[in-house]
Amino acid sequence: MKKLTESGIREFLLDKYHEPIRAIGLFQIELDLAALDAEQITVLGPLSRYVAERGCFRFENVPDSEAPSR
Numbered sequence: 001m002k003k004l005t006e007s008g009i010r011e012f013l014l015d016k017y018h019e020p021i022r023a024i025g026l027f028q029i030e031l032d033l034a035a036l037d038a039e040q041i042t043v044l045g046p047l048s049r050y051v052a053e054r055g056c057f058r059f060e061n062v063p064d065s066e067a068p069s070r
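In this text, residue positions in the sequence shown follow the working numbering: the first is 1, and each later residue adds one.
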């Protein structure tokens, strides 16, 4: 029996759900992580805040949506 670890579970979930998430267009955002502290990328709270504040939706990939007027 294989030992369950946090990294093993994360890898399993990424392998299992990567393609279905990509196929339905969920999380169609462009994100530049350069401004985020490297240590905070792996901490869910700071990473979630960063994505929420700086993620940019790619409207051409979201059904029934239009880019905001500039």
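Cβ coordinates follow ideal geometry from the N, Cα and C atoms, glycine included.
Residues near ARG70 by beta carbon distance below 7 angstroms, same chain, minus five either side: Low local confidence applies: a pLDDT of 45 at ARG70 is under 50, so the model's placement there is unreliable, with the coordinate-based value given in what follows. Cβ neighbours of ARG70 beyond the five flanking positions: none.
For VAL43, the first and last residue of its enclosing alpha helix (DSSP H): Note, VAL43: premise wrong, no alpha helix (DSSP H); not H, not E.
For ALA23 and LEU14, the rounded distance between their alpha carbons: Going by C-alpha positions, LEU14 is about 14 angstroms away from ALA23.
Proximal residues to ILE41 (C-beta, below 8 angstroms), its chain only, five neighbours per side dropped: LEU33 and LEU47
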